[in-house]
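Numbering (our numbering), first residue to last: -9 to 137.
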């Protein structure tokens, strides 16, 4: 970082965090039984669960895809019973996409599968002291996130 007052250790830490978090996310996704959903479909379902109801246009913008592509993603999720469309109570011309209970259950099952895999790996590959070090590091990462 030319001309920057950021220490070499901060630059290295940033690189390592980004790399490991990315790899871990990909590995966790491998543990999920996506039941035939594409990464885009899974992402949209997760976004709706986390952020709440949204229009297809809002989802397309958030996911950085064309409206037409998002319409297809939502149609598949709707066919699977993971989402429903309903009129916007504030603007009847607009429809909102909402996660169903079946969609929430699907997501919870996927998250649980990933956490179970991760817990098994932590148990099998790390000592108690190393697991405590991971917990301490997570507290630091949370502090970074909140800044």
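The C-beta atom is built at its ideal place from N, Cα and C for all residues, glycine as well.
Spatially closest choice to residue i from the options, by CA coordinates
{"i": "residue 81", "options": "72, 91, 111, 45", "result": "45"}
{"i": "residue 102", "options": "0, 88, 18, 127", "result": "18"}
{"i": "residue 77", "options": "124, 39, 43, 65", "result": "43"}
{"i": "residue 95", "options": "57, 39, 130", "result": "39"}
Residue i burial status per 10 Å Cβ neighbour count (16 or more: buried)
{"i": "residue 69", "result": "exposed"}
{"i": "residue 32", "result": "buried"}
{"i": "residue 87", "result": "buried"}
{"i": "residue 73", "result": "buried"}
{"i": "residue 125", "result": "exposed"}
{"i": "residue 116", "result": "exposed"}
{"i": "residue 20", "result": "exposed"}
{"i": "residue 128", "result": "exposed"}
Under the three-state DSSP convention, the category residue i falls into
{"i": "residue 29", "result": "helix"}
{"i": "residue 1", "result": "helix"}
{"i": "residue 76", "result": "strand"}
{"i": "residue 95", "result": "helix"}
{"i": "residue 83", "result": "strand"}
{"i": "residue 9", "result": "helix"}
{"i": "residue 111", "result": "helix"}
{"i": "residue 88", "result": "strand"}
Short Cβ contact (9 Å threshold) for residue i with residue j
{"i": "residue 63", "j": "residue 30", "result": "yes"}
{"i": "residue 37", "j": "residue 52", "result": "yes"}
{"i": "residue 93", "j": "residue 22", "result": "no"}
{"i": "residue 27", "j": "residue 89", "result": "no"}
{"i": "residue 131", "j": "residue 7", "result": "yes"}
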